[in-house]
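Residue numbering for the sequence shown follows this note's numbering, starting at 1 and increasing by one per position.
These notes are about the structure you will find just below.
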Amino acid sequence: MGEVGAADMIYTQDGTVDFKGNPALKKSTGNWRACPYILGNECCERLAYYGMSTNLVNFMTDKMGMTYTAAANANTNWGGTCYATTLIGAFLADAYLGRFRTIASFVIIYIIIRPSIGRRGLGLLTLAASVKGLVPTCAAKGVCDPTAGQTAAVFVGLYLVALGTGGIKPCVSSFGADQFDEHDDGERRSKNSFFNWFYFSINIGALVASSVLVYVQERFGWGWGFGIPAVVMLIAVGSFFVGTPLYRHQRARGSPLTRIAQVLVAATRKWSVAVPVDASALYERPDRESGKMEHTEQFRFLDKAAVEMPADRAASASSAWRLCTVTQVEELKSVIRLLPVWASGIVFATVYGQSTTMFVLQGNTLDASMGPHFSIPSASLTIFDTLSVIAWVPVYDRLLVPAARSVTGHPRGFTQLPRMGIGLVVSMFSMVAAGVLELVRLRVIARHGLYGEHDVVPISIFWMVPQYFIVGAAEVFVFVGQLEFFYDQAPDAMKSMCTALSLTTVALGNYVSTLLVTVVVKVTTRGGKEGWIPAKNLNVGHLDYFFWLMTVLSVVNFAIYLPIANWYTYKKSANEGGE
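Written as structure tokens, this is what we have:
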């Protein structure tokens with residue numbers, strides 16, 4: 001699978017495209033002209049993904065007979081794995097294949113996993129939801145007895161999709177950013193906007209998934225509901241490959257893990273060596289220009305790896321396991337500096353994860369009617385999260401950034417760390433809104449004695465809109481800022497890996513959600529109590545306590561984030577300053 005047009009590209013020593021050596025290439029490739037195909041691919045892929053994930057918790061309870069807690073945990077475990085596998089795709093992209101070939105390879109795996117068969121567009125998940133022998137027998141809605149084979153078919157299908165997602169997700173945003181020349185002021189400003197519109201395209205896909213696909217799943221069945229995303233993935237493949245002649249490519253530059261290990265080994269070997277006061281005495285290749293990083297004072301013990309000893313000078317070709325360049329040492333420092341910022345995103349991802357688990361279960365108990373003949377599925381309320389993002393992206397990009405730029409003088413308006421901090425604060429209010437609604441819901445239940453499992457609480461489901469809308473606003477600040485931050489601050493040889501690192505906050509957020517739900521259920525059901533999150537009947541539980549717990553965790557997380565953001569030193573390259 002070749003990179004059409006890539007053979008004509010001239011690369012600098014560190015693997016980036018050299019437009020000075022081929023100026024005509026700059027006029028005919030990349031920039032916004034290549035982005036519609038990349039954004040179209042992402043929109044369709046995310047539509048397929050959210051077409052499965054948005055209503056998955058209801059599939060697990062209604063068709064697989066799971067309890068609320070088991071369904072919520074199954075959903076978050078799968079979602080977490082989808083983002084954890086991004087490390088696999090990112091490693092292959094940075095080390096061996098490059099981002100184009102990695103996306104192309106895994107998008108085909110995604111399609112093979114979910115092939116189109118006959119008229120139904122059946123993949124493994126579609127088969128499990130539509131073929132008689134694979135569909136569990138249910139006496140009533142939620143009263144099902146799936147066999148081991150039927151359960152295996154569902155989960156094997158889900159986790160194969162997670163593998164396909166892992167190869168695509170960490171590379172698409174980085175590949176899109178690669179289309180902009182960092183050394184061109186106009187293109188660099190366009191790249192800042194690209195991440196906003198990239199997230200916008202994700203949510204266009206999510207919008208269709210949470211409205212049309214959820215309706216199809218509830219009205220026409222899960223066979224159609226899982227089959228349509230397979231067709232959409234074919235469109236995603238077509239969109240990506242149509243734009244191939246327009247793409248700019250960054251060359252893979254070997255294993256980033258090897259480069260990190262070399263610094264650690266070289267620094268350990270020279271543990272007793274003193275680091276010179278003058279940083280210019282540290283080793284750097286004289287022929288290295290593009291991608292060269294300036295020395296920083298943090299983590300000075302790693303500088304030992306760049307101290308040139310007499311034995312290194314005497315060697316005809318010094319080993320990178322004994323002597324590393326300043327740039328290689330600074331690459332590791334950059335990754336280490338990212339880790340505290342990365343960790344602070346986990347709690348936010350846990351909050352975000354509630355929109356497809358606890359919010360959906362809360363909505364199942366409310367009045368979902370829209371007139372006398374139509375009811376909105378609770379999972380479709382994620383449409384308001386999506387609409388919030390779609391509304392906030394242009395507001396942020398076209399209004400807030402220019403206004404902030406006029407005050408701060410910074411090209412981005414807000415630097416990335418303050419942007420993410422604003423999002424962390426906003427996210428707290430989504431949990432507060434959910435907790436307040438739950439308090440009101442429980443009071444109505446007590447007033448009318450609605451303690452039955454299937455009793456509908458006479459509160460409109462649309463009172464949940466504020467909590468979804470607030471989550472969406474927080475996403476624009478945190479997730480978009482995180483994508484841009486990790487791409488910008490990543491070493492040139494580790495762009496995909498660091499993008500994947502940012503995405504693993506979502507994975508760990510899902511796993512933390514699973515852990516919290518498990519611990520909460522175990523602790524609060526002692527002594528035969530129903531607990532905060534009962535197995536089948538939320539009307540006798542205290543889901544509000546869970547939302548208050550999430551609020552407290554969010555406050556503590558933000559308090560920890562503030563000194564981290566203040567401590568962080570932005571990356572500096574040799575030919576430009578930091579933030």
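For each residue, glycine too, the CB sits at the ideal point set by N, CA and C.
Taking the alpha-carbon positions, what's the Pro229 to Ala320 distance?
For the purposes of this step, residue 229 is taken as residue 229 along the sequence shown, with counting starting at 1. For the purposes of this step, residue 320 is taken as residue 320 along the sequence shown, with counting starting at 1. Each residue's Cα considered, the two are about 47 Å apart.
Cβ-Cβ separation, Tyr68 to Leu361 (assumed contact under 8 Å), whole Å
Numbered from 1 along the sequence shown, position 361 holds the residue referred to as residue 361. Numbered from 1 along the sequence shown, position 68 holds the residue referred to as residue 68. With a Cβ gap of about 5 Å, Leu361 and Tyr68 count as contacting.
Have a look at Thr325 and Ala70 and give me their C-alpha separation to the nearest angstrom.
As a working note, residue 325 is residue 325 in the sequence shown. As a working note, residue 70 is residue 70 in the sequence shown. Roughly 51 Å separates the two Cα atoms.
For Leu163 and Met497, what's the separation of their Cα atoms in angstroms?
Position 163 of the sequence shown holds residue 163. Position 497 of the sequence shown holds residue 497. Whole-angstrom Cα-Cα distance: 16 Å.
Return helix, strand or coil for Val232, following the three-state DSSP convention.
Locating residue 232 in the sequence shown gives position 232, counting from the first residue. Correct three-state label for Val232: helix.
Less than 8 Å between the CB atoms is what I'm expecting for Ala343 and Ala93, so what's the real figure, rounded?
Walking along the sequence shown from the start, residue 343 turns up at place 343. Walking along the sequence shown from the start, residue 93 turns up at place 93. Not a contact, Cβ separation roughly 24 Å.
Applying the criterion that 16 or more other CB atoms from any shown protein chain within 10 Å of the CB defines a buried residue, is Pro534 buried or exposed?
Within the sequence shown, the letter at position 534 stands for residue 534. Buried, by the Cβ-count rule.
In chain order, what residues of the same chain have a beta carbon less than 6 Å from the beta carbon of Phe180, not counting five sequence neighbours either side?
Position 180 of the sequence shown holds residue 180. Cβ within range, chain order: Glu187, Ser190 and Lys191.
Could you tell me whether the Cβ atoms of Ser580 and Ser380 are closer together than 7 Å?
Lying before the first or after the last residue shown, residue 580 is absent from the chain, which here runs from 1 to 579.
Using the rule of at least 16 other Cβ atoms within 10 Å of the residue's Cβ for burial, across every protein chain shown, is Val506 buried or exposed?
By 1-based counting over the sequence shown, the position of residue 506 is 506. With 16 or more Cβ atoms within 10 Å of its Cβ, Val506 is classed as buried.
Please list the terminal residues of the continuous alpha helix (DSSP H) segment that includes Ile336.
Counting from one through the sequence shown, the residue named residue 336 turns up at place 336. Segment Val326 to Gly353, the alpha helix (DSSP H) holding Ile336.
Which of the three DSSP states, helix, strand or coil, is assigned to Met613?
Here the chain comprises residues numbered 1 to 579, so residue 613 is not present and cannot be evaluated.
Need the endpoints of the beta strand (DSSP E) that Ala581 sits in, please.
Not covered by the structure: residue 581. The range shown for the chain is 1 to 579.
In whole angstroms, what separates the C-alpha of Ala493 from that of Ala500?
Position 493 of the sequence shown, counted from the first residue, corresponds to residue 493. Position 500 of the sequence shown, counted from the first residue, corresponds to residue 500. Spanning the two alpha carbons is a distance of roughly 13 Å.
Are the CB atoms of Phe195 and Val480 within a distance shorter than 7 Å?
Position 480 of the sequence shown, counted from the first residue, corresponds to residue 480. Position 195 of the sequence shown, counted from the first residue, corresponds to residue 195. For the 7 Å CB-CB criterion, Val480 and Phe195 form a contact.
Other residues of its chain near Met464: CB distance less than 6 Å, five sequence neighbours each side excluded
Numbered from 1 along the sequence shown, position 464 holds the residue referred to as residue 464. If we look at Met464 and ignore the five residues flanking it on each side, its Cβ neighbours are Gly363 and Leu381.
Quick one: give me the first and last residue of the alpha helix (DSSP H) that Val457 is part of.
Counting from 1 along the sequence shown, the entry for residue 457 is found at position 457. Segment Val457 to Ser460 is the beta strand (DSSP E) holding Val457; no alpha helix (DSSP H) there.
Ile336 burial status per 10 Å Cβ neighbour count (16 or more: buried):
Translated into the one-based positions of the sequence shown, residue 336 becomes position 336. Counting the other Cβ atoms within 10 Å of the Cβ of Ile336 gives fewer than 16, which makes it exposed.
Smallest Cα separation from Ala274: which of Ser280, Glu297, Val425 and Lys304?
Counted from its first residue, the sequence shown places residue 274 at position 274. Residue Lys304 is the option with its Cα nearest to Ala274.
Please name the residue in Glu331, Leu543 and Ala84 whose C-alpha comes closest to that of Met358.
As a first step, residue 358 must be located in the sequence shown, where it is residue number 358. Among Glu331, Leu543 and Ala84, the Cα nearest to that of Met358 is on Leu543.
Inspect the CB distances between the segment 37-44 and the segment 219-239 and report whether three or more fall short of 8 Å.
Touching, yes.
Which stretch, first to last residue, makes up the alpha helix (DSSP H) that contains Gly186?
As a working note, residue 186 is residue 186 in the sequence shown. Its alpha helix (DSSP H) spans residues Asp185 to Val208.
Contacts around Tyr159, its chain only, beta-carbon distance under 8 Å, and the 5 residues preceding and following it disregarded:
Counting from one through the sequence shown, the residue named residue 159 turns up at place 159. Within its own chain, the residues whose Cβ lies closer than 8 Å to the Cβ of Tyr159, once the five positions on either side in sequence are excluded, are Trp78 and Thr81, listed in chain order.
Taking buried to mean at least 16 other C-beta atoms within 10 Å of its own C-beta, is Ser250 buried or exposed?
As a working mapping, residue 250 is identified with position 250 in the sequence shown. What sits at residue 250 in the sequence shown is Gln, not Ser. Buried, since its Cβ has 16 or more Cβ neighbours within 10 Å.
Quick one: grab the DSSP three-state call for Leu366.
Counting from one through the sequence shown, the residue named residue 366 turns up at place 366. In the structure shown, Leu366 sits in a strand (DSSP, three-state: E or B).
Whole-angstrom distance between Phe301 and Thr386, CA atom to CA atom
Taking the first residue of the sequence shown as 1, we reach residue 386 at position 386. Taking the first residue of the sequence shown as 1, we reach residue 301 at position 301. Between Thr386 and Phe301, the C-alpha separation is close to 46 Å.
Could you please give me the residues that DSSP links to Val552 through a beta bridge?
Working through the sequence shown from its first residue, we reach residue 552 at position 552. According to DSSP, which records beta bridges pairwise, Val552 is partnered with nothing at all.
By the three-class DSSP mapping on this structure, what secondary structure does Ser255 have?
If you number the sequence shown from 1, residue 255 lands on position 255. Coil at Ser255, not helix or strand.
Just the C-alpha distance for Val277 and Glu331, rounded to the nearest angstrom, thanks.
For this step, residue 277 is matched to residue 277 along the sequence shown. For this step, residue 331 is matched to residue 331 along the sequence shown. When rounded, the distance between both Cα atoms is 20 Å.
Using the Cβ count rule (16 or more neighbours within 10 Å means buried), how would you classify Val329?
As a first step, residue 329 must be located in the sequence shown, where it is residue number 329. The residue is buried, with at least 16 neighbouring Cβ atoms inside 10 Å.
Helix, strand or coil at Ser272 [DSSP, three-state]
For the purposes of this step, residue 272 is identified with residue 272 of the sequence shown, where counting begins at 1. If DSSP states are grouped into helix, strand and coil, Ser272 belongs with coil.
Examine the Cβ distances between the segment 459-474 and the segment 421-433 and report whether three or more of them are shorter than 8 Å.
yes
Is it the case that the segment 448-462 contacts the segment 52-60, given that we only count it when at least three CB pairs across the two stretches are under 8 Å?
As far as the Cβ criterion goes, the segment 52-60 does not touch the segment 448-462, which means the pair count is below three.
From Ser406, Ser280 and Leu366, pick the residue whose C-alpha is nearest to that of Thr327; which is it?
Residue 327 sits at position 327 when you count from the first residue of the sequence shown. Ranking Ser406, Ser280 and Leu366 by Cα distance to Thr327 puts Ser280 first.
Enumerated in chain order, which unbroken segments of the alpha helix (DSSP H) with a length of 4 residues or greater are wholly contained in the segment 37-106?
Positions of the alpha helix (DSSP H) runs, each at least 4 residues long and wholly inside the segment 37-106, are given as 56-62, 68-84 and 86-92 in order along the chain.
In or out: Thr76 buried (at least 16 other Cβ within 10 Å) or exposed?
On the sequence shown, position 76 is the one that residue 76 refers to. Result: buried.
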